[in-house]
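This report concerns only the one structure given below.
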Amino acid sequence: MSPRLAAISGKLKGSIFTIHEDTFVIGRETAANVCIADASVSRRHTKIDKHDHSFVITDLESLNGTFVNDVPVKSRILQHGDRIRIGDSQFIFLTEEGDIASRSSEVNLDEAQVVSGPTMQIRIDDAMYLMARDLSALMKVSTSINAIRGLDDLLQRLIELLFEVVPAQRGAILLTTNDSLDSSVVFGLDRASGKDKAVNVSRTIAQQVLRDGVALIANDPATQPTLSSESLIQARTHSVMCVPLVMIDHKLGVVYLDTTIAGDHFNRDHLQLVTAIAGIAAVAIENARHFEWLQNENERLLADVNIEHNMVGEGPAMQRVYHFISKVAPTDSTVLISGESGTGKELAARAIHRNSKRVHKPFMAVNCAALTETLLESELFGHEKGAFTGAFSQKKGRLEIADGGTVFLDEIGELTPPLQVKLLRVLQEREFERVGGTVTIKVDLRVIAATNKNLEEAIEAGEFRQDLYYRLNVVSLEMPGLRERREDIMLLASYFVDKYGARCNRKLLGISANARERLTAYDWPGNVRELENAIERAIVLGTTDVILPEDLPEALLERETSTTQSTVGYHEAVTQTKKQIILKAIEEAKGNYTEAAKLLGVHPNYLHRLIRNLNLRAQLKSTSS
307 MSPRLAAISG KLKGSIFTIH EDTFVIGRET AANVCIADAS VSRRHTKIDK HDHSFVITDL
367 ESLNGTFVND VPVKSRILQH GDRIRIGDSQ FIFLTEEGDI ASRSSEVNLD EAQVVSGPTM
427 QIRIDDAMYL MARDLSALMK VSTSINAIRG LDDLLQRLIE LLFEVVPAQR GAILLTTNDS
487 LDSSVVFGLD RASGKDKAVN VSRTIAQQVL RDGVALIAND PATQPTLSSE SLIQARTHSV
547 MCVPLVMIDH KLGVVYLDTT IAGDHFNRDH LQLVTAIAGI AAVAIENARH FEWLQNENER
607 LLADVNIEHN MVGEGPAMQR VYHFISKVAP TDSTVLISGE SGTGKELAAR AIHRNSKRVH
667 KPFMAVNCAA LTETLLESEL FGHEKGAFTG AFSQKKGRLE IADGGTVFLD EIGELTPPLQ
727 VKLLRVLQER EFERVGGTVT IKVDLRVIAA TNKNLEEAIE AGEFRQDLYY RLNVVSLEMP
787 GLRERREDIM LLASYFVDKY GARCNRKLLG ISANARERLT AYDWPGNVRE LENAIERAIV
847 LGTTDVILPE DLPEALLERE TSTTQSTVGY HEAVTQTKKQ IILKAIEEAK GNYTEAAKLL
907 GVHPNYLHRL IRNLNLRAQL KSTSS
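For the sequence shown, the numbering used here assigns the number 307 to the initial residue and increments by one for each residue that follows.
Structural data, given as structure tokens:
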């Protein structure tokens, strides 16, 4: 069955659209596969492309953005049940596994009469007795092992089946890695004791059979100079059979069988049968190994994709963040998150907690820079009644409340030396005392710390303990600044437009092209937090249904854009005028920036920011020279 889009809200509610084309376009234009007559939808808003057996949704630079499960996306592989939001319309993506194309020709049942003439009939029971013994054994092996997916289960079952057809006491299967037995996968079984007894294998015989690709039987191998080895003599092996596992000239390994019973010897019939079984098994073994590799790779990829988080971003920098979270979340290791202010360090910490085994326990966040030393100590460790003035009752600290869960220590670089010592003990022993108390409290918690300071420089300056740094920096993550992932700026902007549009009860159609240009050209020193504030401000102060450049903060408008236009617009004219006024003031002040700021009636720091944002430094240098 082909994938479908089921409209669950909007003007097309109740409609179902089947995706037949390789490229399926959704938009306002009538030529789109799904035409939505809605002003909040762009002419060509989004598309769904078929890639092999997957379907990828891609936003076509729409004004209002494309949301999948309430997260703005540029491009994403759709999964069954994903909810797609385009303007006011929402769709559910539905898919089922399509039927695998049959390799068989069409079969028609002919209704014609049976042709008359002599015929031979034989009962199925009689036919079974006519089958060769070896063919029966091969059929049993084939049907048994081809239904097994796990490699260990497959190898065990194969040896058990070999024990049924040859008089072997022990069996082993050695699989190569890079055509070598040195680091091979080995599985052995003893007929009498199963896995409990070791199986000795002659490396000489195994390597010879693997090298030559020829099966070998050795009766009384200890008497044969070319095959005799210390292991065979000690094991008192009377008969050995070794058969190569080969699939299309690719050597997978060997099957090794032996016995110590003097009367039991392998013969040519045994060798032919085991060789035939090895030919069947080679295909099943290769398939099982490939299946396990695909399963492991799939689990690794799904671990990255399926982590729960509230972060927005699809670029390479954020993919590395998601991969890191998927790796460290299942562990209890202490994590140190660094990065500039506003990059989302707390969101990353919460994502680590949400994807850990502590998810159902508390997550306690403490800002170490927001409180004085005394208050922070009480906040972290709690206090006993009467510990200090105003301590009218006992209070549990955040560390105690977070028992079993995660504590997030933001701005860890602001901790005072006495608190650093106390925290070091918590990290080492997972115990502490409340302020004014003597009872030791033990806790089971995970610590995640964050800082926007360079702690190594703080250590050199004597402001941060080196031993505490090493305790915190077990695994570290650096959150990328927004200027390092410009591809995510518009995704974040769309997300905030949607968030604050609903909060302010304003219906917005998106962000204008000029405003997009300003947003992507700006360096965002305040990172995601600054972008969020800019969008909220634009929604609050804007008067149209589209965010325009004049709705954005002045700092963004002062920044020159990378593109030039033949027609000078309003904002370009304003920028040029500002440049002329600043250059003239500096010229009149004879290069003295403080005097120039007085002439302009602005603070010197603001003048420096204007010069930086308007890229005037080069002009000022050339003028002074």
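Glycine is no exception: its CB is placed at the ideal position from the N, C-alpha and C atoms. Computed from a predicted structure; not experimentally measured.
- List the whole-angstrom C-beta distance separating leucine 457 from glutamate 598, where the pair is believed to meet the contact cut-off of C-beta under 8 Å. 6 Å
- Query: Residues in its own chain within less than 8 Å of aspartate 750 by CB, not counting five upstream and five downstream?
  - Reply: Asp709, Gly710 and Arg736
- Query: Should arginine 391 be labelled buried (16 or more other beta-carbon atoms within 10 Å of its own) or exposed?
  - Reply: buried
- Query: Does the beta-carbon distance from asparagine 758 to leucine 642 come in below 8 Å?
  - Reply: no
- Any contact of the segment 571-579 with the segment 468-483, i.e. 3+ C-beta pairs under 8 Å? yes
- Message: Assess contact between the segment 647-663 and the segment 687-702, defined as three or more Cβ pairs (one per stretch) separated by less than 8 Å. Is contact present?
- Response: no
- Task: Report the partner residues of tyrosine 806 according to the DSSP bridge assignment.
- Result: Bridge partners of tyrosine 806: none, in fact.
- Task: Work out the CA separation of serine 368 and threonine 678 for me, nearest whole Å.
- Result: 48 Å
- Task: May I have the straight-line CA-CA distance separating valine 347 from alanine 654, to the nearest angstrom?
- Result: Taking the CA atoms as reference points, valine 347 sits about 32 Å from alanine 654.
- Query: How would you call glutamine 625, buried or exposed, if buried means at least 16 neighbouring beta carbons within 10 angstroms?
  - Reply: Around the beta carbon of glutamine 625, fewer than 16 other beta carbons sit within 10 angstroms, so the residue counts as exposed.
- Task: Could you name the residues that DSSP lists as bridge partners for glycine 743?
- Result: None, per the DSSP bridge assignment.
- Task: Would you list, in sequence order, the uninterrupted alpha helix (DSSP H) runs of no fewer than 4 residues that lie entirely inside the segment 540-610?
- Result: As far as the segment 540-610 is concerned, it has no whole alpha helix (DSSP H) run of at least 4 residues.
- Message: Could you tell me the alpha carbon to alpha carbon distance between threonine 637 and valine 852, rounded to whole angstroms?
- Response: 46 Å
- Task: Tell me, please, which residues DSSP counts as bridged to methionine 617.
- Result: Methionine 617 pairs with nothing; no bridge assigned.
- Are glycine 688 and glutamate 706 close, meaning C-beta to C-beta below 8 Å? yes
- Item | Alpha carbon of glycine 816 to alpha carbon of glutamate 646, nearest angstrom | 29 Å
- Query: Quick one: does the C-beta of alanine 675 sit closer than 7 Å to a heavy atom of the ligand GDP?
  - Reply: The ligand GDP is absent from the structure shown, which contains no ligand whatsoever.
- By how many angstroms is the C-alpha of phenylalanine 399 removed from the C-alpha of histidine 914? Using only the alpha carbons, I get a separation of about 52 Å.
- Message: Is it the case that the segment 346-364 contacts the segment 374-386, given that we only count it when at least three CB pairs across the two stretches are under 8 Å?
- Response: Three or more beta-carbon pairs separated by less than 8 Å link the segment 374-386 to the segment 346-364, which places the two stretches in contact.
- Cut-off 7 Å between Cβ atoms - residues of its own chain near asparagine 452, not counting five sequence neighbours on either side: Ala590
- Message: Taking 6 Å as the limit between beta carbons, can you name the residues of its chain near glycine 371, skipping five residues before and five after?
- Response: The answer, listed in chain order, is Pro378 and Ser800.
- Item | Span of the beta strand (DSSP E) around phenylalanine 330 | Unbroken beta strand (DSSP E) run through phenylalanine 330: 329-333.
- Query: So what's arginine 791 in DSSP terms, helix, strand or just coil?
  - Reply: coil
- Query: Which term fits asparagine 921, buried or exposed, when burial requires 16 or more other beta carbons within 10 angstroms of its beta carbon?
  - Reply: exposed
- Message: Considering only the alpha carbon of each residue, which of Arg812, Ile841 and Asp394 lies closest to alanine 343?
- Response: In terms of Cα proximity to alanine 343, the closest of Arg812, Ile841 and Asp394 is Asp394.
- Message: Determine whether the beta carbon atoms of histidine 544 and aspartate 518 lie at a separation below 8 Å.
- Response: Taking 8 Å as the cut-off, the beta carbon of histidine 544 is found no closer than this to the beta carbon of aspartate 518.
- Task: Would you mind giving the Cβ-Cβ distance between threonine 680 and glycine 787, rounded to the nearest angstrom? I have them listed as a contact below 8 Å.
- Result: With 8 Å as the limit, threonine 680 and glycine 787 do not qualify as a contact, their Cβ atoms being about 34 Å apart.
- Would DSSP call asparagine 839 helix, strand or coil? helix
- Item | Counterpart residues of serine 782 in DSSP-defined beta bridges | Leu642
- Where asparagine 525 falls: helix, strand or coil (DSSP): strand
- Task: Using only alpha-carbon positions, find the residue among Ala924, Glu901 and Glu856 that is nearest to lysine 885.
- Result: Ala924
- Tell me, please, which residues DSSP counts as bridged to methionine 670. Val713
- Message: I need the boundaries of the beta strand (DSSP E) containing alanine 755, first residue and last residue.
- Response: 752-757
- Bridge-paired residues (DSSP) for glutamate 737: Lys748
- Task: Please look up how many angstroms separate the CB atoms of valine 803 and isoleucine 841, rounded, as I've assumed it's under 8 Å.
- Result: 6 Å
- alpha helix (DSSP H) runs wholly inside the segment 880-906, at least 4 long, in chain order: Correct list: 899-906.
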